[in-house]
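There are 2 protein chains.
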Amino acid sequence: MAKIVSSKNISKKDVIVKKAAVLFRKKGFAATSMRELAETIGVEASSLYNHIGSKGELLQLICFKIANDFSIHLSEIEKKPNSIVQKLENIIRFHINMMQDHYDEVYVANHEWRQLEDPFISNFLQQRKFYETRLTELVNQGIKKKELRPIDSSVVVLTILSAVRGVEFWYRHKKTSDRKQLENNMVSHLLYGLIKI
Amino acid sequence: MAKIVSSKNISKKDVIVKKAAVLFRKKGFAATSMRELAETIGVEASSLYNHIGSKGELLQLICFKIANDFSIHLSEIEKKPNSIVQKLENIIRFHINMMQDHYDEVYVANHEWRQLEDPFISNFLQQRKFYETRLTELVNQGIKKKELRPIDSSVVVLTILSAVRGVEFWYRHKKTSDRKQLENNMVSHLLYGLIKI
DNA sequence: CCTACCGATCGGTAGG
DNA sequence: CCTACCGATCGGTAGG
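Here it is as structure tokens:
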């Protein structure tokens, strides 16, 4: 028997989770049926349960994978010796790129986390809250070091995180436009503002 | 017979729509059952249908009321003789205030419009697209008049509309903080930026 | 406004 | 991986 050699080590479960992310984004978690998901994969609904435990597990896998990716990136940024402005710019660019490269998964984590079940939803909110707290601390440092204008740091974090989420609307009607241009313009607006002085 | 005199002219249908907005925000449209909605009102599910035609009609009423409010406000702004910066500031403040004063309805219009049915969803997207186009035109005027920095106007509109949507997160963990403070700080960030110069 | 009920669809299981 | 099927729940209607 030849050894199985595969450059892409993608399990059936990975395929199911990926297809679930696409459907959950398009229709929402509650409005997506397991029969629908099974059909896009080409099996009967009951067969899905050989690979996953429940519909809810699919949502958990998607939401916590994304939350973890953001947390790891922030940890790396925090260690660097860069200025606060450089760190914030790096974080903004990471959010925009995550949105572009993992559109379905980030969208689902942003919109469908409320459908998580009881221990998971509070865990998810706790992780998000912790992430926001670390960002707020970065902004406070920047204000203290006179790098940033003295705007309420909670509002700054809210504005930045909300703005980068908006990238999800971009490809809906501007498929042709350059993704790097979107990134650079949004960074410019969020850091330097809109008004000419 | 005495004439019925009522200072609040609120019909049963209005009550149903309002309670539906609260539930649709909390749980999502698809995950909210008509039995649940009926229970919060204190009737049986079947009784709802004496006042409304269908579950989908509730979502339509919520989404199009909000879309209409924003459209009317923008029309008023466009007529004024103010500077572009003043107009944009006014629009940003209106969005923030709508989010604060009609939290459930704006949230539902922002998140659950995808659950609208066929003629309504395209109508809704058309109205939103038109609204964004008018905003983009305002920004282009501002750039031409040298009031604004030359950032891609589509990105500016995307950043602003996304940022103000973030107000929905505010009251989740900052119930005590002053709403006017949130408004002023976000306006300051979006217009003048974050970096100290 | 209620009781009673409809067909459809749901997530998930048994058994092979 | 399938067939066959379960109980639960859904949006909505009939009739009073």
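First to last, the protein sequences are chains Z and Y. Sequential numbering of the first sequence, starting at 182, is according to this note's numbering. Sequential numbering of the second sequence, starting at 182, is according to this note's numbering. Just so it is clear, CB atoms sit at the ideal spot from N, CA and C, and this is done for glycine as well. Since the model is a prediction, treat every value here as computed from it, not as a measurement.
With 8 Å set as the bound, which would you pick, yes or no: does the beta-carbon of residue i sit closer than that to a beta-carbon of chain Y?
i, result
"Phe-350 (chain Z)", "yes"
"His-283 (chain Z)", "no"
"Asp-333 (chain Z)", "yes"
"Arg-330 (chain Z)", "yes"
"Lys-377 (chain Z)", "yes"
"Gly-209 (chain Z)", "yes"
"Val-266 (chain Z)", "yes"
"Lys-194 (chain Z)", "no"
"Asn-366 (chain Z)", "yes"
"Val-337 (chain Z)", "yes"
"Gln-307 (chain Z)", "no"
"Ala-226 (chain Z)", "no"
"Gln-362 (chain Z)", "yes"
Cα separation between residue i and residue j?
i, j, result
"Gly-347 (chain Z)", "Arg-206 (chain Z)", "15 Å"
"Val-224 (chain Y)", "Glu-217 (chain Y)", "10 Å"
"Asn-278 (chain Z)", "Glu-220 (chain Y)", "44 Å"
"Glu-259 (chain Y)", "Val-336 (chain Y)", "20 Å"
"Gln-326 (chain Y)", "Leu-371 (chain Z)", "Sequence inspection shows Lys at residue 326 (chain Y); the Gln mentioned does not correspond to that position. When rounded, the distance between both Cα atoms is 21 Å."
"Ile-338 (chain Z)", "Val-320 (chain Z)", "According to the sequence shown, residue 338 (chain Z) is Val rather than Ile. If you take the alpha carbons of Val-338 (chain Z) and Val-320 (chain Z), they lie about 8 Å apart."
"Gln-308 (chain Y)", "Glu-318 (chain Z)", "40 Å"
"Ser-227 (chain Z)", "Lys-199 (chain Z)", "18 Å"
"Ser-188 (chain Y)", "Ile-273 (chain Z)", "Any reading at Ser-188 (chain Y) must be qualified, since the residue scores a pLDDT of 43, below 50, and its modelled position is unreliable; the value itself is stated next. Approximately 50 Å between the Cα atoms of the pair."
"Tyr-230 (chain Y)", "Cys-244 (chain Z)", "37 Å"
"Ser-235 (chain Z)", "Trp-294 (chain Y)", "27 Å"
"Val-345 (chain Z)", "Lys-246 (chain Z)", "19 Å"
"Asn-366 (chain Y)", "Glu-328 (chain Z)", "17 Å"
"Gly-145 (chain Z)", "Leu-375 (chain Y)", "Chain Z is shown only over 182 to 378; residue 145 (chain Z) falls outside these bounds and no answer can be derived."
"Asn-190 (chain Z)", "Tyr-352 (chain Z)", "29 Å"
Would residue i and residue j be called neighbours here (beta carbons separated by less than 8 Å)?
i, j, result
"Arg-330 (chain Z)", "Lys-377 (chain Y)", "yes"
"Ile-324 (chain Y)", "Ser-334 (chain Y)", "yes"
"Tyr-312 (chain Y)", "Leu-242 (chain Y)", "no"
"Ile-233 (chain Y)", "Leu-239 (chain Y)", "yes"
"His-276 (chain Y)", "His-292 (chain Z)", "no"
Is there a C-beta anywhere in chain Z that falls below 8 Å from the one on residue i?
i, result
"Lys-261 (chain Y)", "no"
"Arg-274 (chain Y)", "no"
"Tyr-312 (chain Y)", "no"
4 or more residues per run - each alpha helix (DSSP H) lying fully within the stretch 216–265 of chain Y: 236–260
At least 3 beta-carbon pairs within less than 8 Å: the stretch 248–261 of chain Y vs the stretch 272–286 of chain Y: yes
Segment contact, 8 Å Cβ cut-off, at least three pairs: the stretch 206–225 of chain Y with the stretch 299–314 of chain Z: no
Ranges of the alpha helix (DSSP H) found wholly within the stretch 329–358 of chain Y, counting only runs of at least 4: Whole alpha helix (DSSP H) segments, 4+ residues: 334–346, 348–354.
Length-filtered (4 minimum) alpha helix (DSSP H) runs lying within the stretch 278–333 of chain Y: 284–292, 299–325
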